[in-house]
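Presented below is the structure to which this report refers.
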Amino acid sequence: ILGGRTSRPGRWPWQCSMQSDPSGHICGCVLIGKKWLLTVAHCFEGRDNADVWKVVFGINNLDHPSPFMQTRKVKRIILHPRYNRAVVDYDISIVELDEEINETSYVRPVCLPNKDQHAQPDTYCYITGWGHMGNRMPFKLQEGEVRIISMDQCQSYFDMKTITSRMLCAGYESGTVDSCMGDSGGPLVCEESAGRWTLYGLTSWGSVCFSQVLGPGVYSNVTHFVEWIERQIYLHTFLL
Amino acid sequence: CRDTFCPGGCSDNIACDNHSNSMNCSRCEPITLELCMNLPYNFTSYPNYLGHQTQKETSISWESSLFPALVQTNCYKYLMFFACTVLVPKCDLETHKRVPPCRSLCKNSKELCESVLAIVGLQWPEDTDCTQFPEENSGNETCLMPDQGVEECSPSHFKCNSGRCVLASRRCDGQTDCDDDSDEENCGCTERGLWECPSNKGCIKHTMICDGFPDCPDLADEKNCSFCKDNEKVCNNHECVHRSVWCDGKTDCSDSSDEWDCVTLSKTPSSLLTIHKSASDYQVCADNWQEELSMLACKQMGLGDLPTTHIVQDQHDQPGRRKWLHLSSDWRHKNGSTLQALLVKGHVCWSRSKVSLHCVKEDCGRRPAARMTKR
């Protein structure tokens, strides 16, 4: 995260880290159920074998295991069948864990929006991740407040690339607070009534975040995928 | 020709096909050179003014690449017309002789475009000495001058609003090629080889039509995709399956959509458990109902697994058989993990009561409260 700050441990209990040897943390992910999490499809390019992955929950400092940390193996990776790596469209995947997490105050799922519940332009939401900070990679989870940007406005920043209904933009024209390499798959969450947080986006792509090319970040629009997510979970829980 | 001997300039010529001798080789032939298909004449005669013996030779010649490239510089409006008069000279259908371009056409082309070529270090084609062509209105000899309406660009080129010609394949490709961007104006879906959504004029690939994923806002790309019989129901991916297998606990549509949304709760305050079996809605008889089945129902709906079950007495007097589903007597031994697989039709509901459920949504989206410390 560029322009963010270090998070307090446990503040984002749905944030998880997708890790693979020997690199360790590769992408962020978001817990949406006891056995299910979301991340982006591009994290699995060249490594879509479930066996090479582990998922770490309840962690703040990647370099220091915490007593609240839980680790699970990956049972199944479900890539969106329309994922297009050339234009980074339909950049979403569902991950099934080999066993359920134990829900604690440090490890909790986030809410999914309803299929007609959209992030409203000009509202402020949060992104989190262990991605690049512009000058270094952090050990501790970073958080940043970003503004939701309308699709038309976002398109004007990315003339060379089409912003589709599967994408959501958030951040600032000046790029002051933005997601960056290593944040992919992590959450863009907005606070709803009664202090409940809903997942509207997954960090997907943007301009080269620590260069002088500025603009907002582009996130996979979770609202667009809610029906697909629910059906995949149902299918793999009850039918397959 | 009959003896397989074709002298130069006569091969592939009508004259040979007619077994004539080589004296009449200079014949008119239809223009096939794609570059020059929009000329005000359709027949040519070879050899041309550049010494090419056939249109095939012309098509792979250096000049065939040079002239279209030069046209893009907009150096002379009638350059392409001149180029074609030397590449595929007009054939006079009466005399079977070539009709040359007029000298002024040649001179204008050379004067205006030779300097452009020089900038990139290229030379004007040597064989186009303008003095070989007659002056306009010089006695009996006729020559070609462009009409006002002559197309500057060949059919393989798009004419920009500025007059420049760019390759037609570059029209509507998302990149501007005309200096005035006109090659990217009025780019409909058809021009881009795409399908147009009727409601918002958005363009989608043809492969996206009827693929089970809606792309147009009004779902037009997913309409009229299947023609199922009356006793069939359409899957999300437009396959047809028999109504009787809808929500039977086994996947029949290849995308499993026949087993989606089979378990719901009625919108009434009593929140009756409703099963969409065989493409009809049924309520569930409470005979032999077990709490674990309520849990299964809620889990299937993506809700929490601690439901409250109520048994609601049916208001009708008769223990009717219609619109009821009954728990199968051997449901514990049934090989099915969905509720709909455990329920059967056609049994009497002796208790005359239905299952009503209140599922609790699993908690989500809550952060732990910040710990408070004395200061």
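Chains as they are written, first to last, in this note's numbering: chain U, 1 to 240; chain S, 241 to 615.
Idealized CB from N, CA, C, for every residue including glycine.
Through-space distance from S:G428 to S:W435, alpha-carbon basis = 9 Å
Bounding residues of the beta strand (DSSP E) (the contiguous stretch that carries U:V30) = 24-31
message = Along the chain, where does the alpha helix (DSSP H) containing U:Y157 start, and where does it finish?
response = 151-157
ask   = Quick one: what's got a C-beta closer than 6 Å to U:D178's C-beta in the same chain, skipping five residues either side?
value = L2, G171, C209, G217
ask   = Since S:E425 meets chain U, which of its residues come closer than 7 Å, beta carbon to beta carbon?
value = In chain order: nothing, as chain U lies at least about 16 Å away.
inquiry  = Check whether chain U comes within 9 Å of S:S439, counting only Cβ atoms and requiring the distance to be less than that.
reply    = no
task = Find the residues of chain S that neighbour U:P13, judging by a C-beta separation of less than 9 Å, and give them in chain order.
result = R606, R607, P608
key: Three-state secondary structure assigned by DSSP to S:H259   = Confidence at S:H259 is low in this model, with a pLDDT of 47, below 50, so its placement is unreliable and no value can be given for it.
message = Closer than 8 Å to a non-hydrogen atom of the ligand ZN - does that hold for the CB of S:D419?
response = Of the ligands one can find in the structure shown there are none, so the ligand ZN has no counterpart to examine.
inquiry  = Please classify S:W302 as buried or exposed, where buried requires at least 16 other C-beta atoms within 10 Å of its C-beta.
reply    = exposed
key: Contact with chain S by U:I78, beta-carbon distance below 9 Å   = no
inquiry  = Measuring CB atoms only, is the region 505-521 of chain S touching the region 485-493 of chain S, in the sense that at least three cross pairs come out at less than 8 Å?
reply    = yes
ask   = With a CB to CB cut of under 6 Å and the five nearest residues on each side skipped, what residues in its chain are close to S:C465?
value = C450, H478
ask   = Where does S:T517 fall in DSSP's three states?
value = The question names Thr, but residue 517 of chain S in the sequence shown is Lys. S:K517 falls in the strand class under three-state DSSP.
inquiry  = My output table needs one value for U:T6: the three-state DSSP class, helix, strand or coil.
reply    = strand
query = Pick from S:L310, S:G452, S:M535, S:F373: whose alpha carbon is nearest that of S:N288?
reply = S:F373
ask   = Bridge partners of S:L522, per DSSP?
value = Here residue 522 of chain S turns out to be Tyr, not Leu, going by the sequence shown. Looking at the DSSP assignment, S:Y522 forms a beta bridge with S:I515.
ask   = By a C-beta neighbour count over all protein chains shown, 10 Å radius and 16 as the cutoff for buried, is U:L38 buried or exposed?
value = buried
request  = Taking only the alpha-carbon atoms, compute the straight-line gap between U:D51 and U:S20 and give it to the nearest angstrom.
outcome  = 9 Å
inquiry  = At the level of alpha carbons, what is the spacing between S:Q540 and U:V107?
reply    = 24 Å
ask   = For U:M137, which residues from the same chain have a beta carbon less than 8 Å from its beta carbon, with the 5 sequence-adjacent residues on both sides left out?
value = W130, G131, G182
ask   = First and last residue of the beta strand (DSSP E) that includes U:K54?
value = 53-57
query = Taking Cβ to Cβ, would you say S:N476 is nearer than 9 Å to S:D495?
reply = yes
key: Opening and closing residue of the beta strand (DSSP E) in which S:H397 lies   = 397-399
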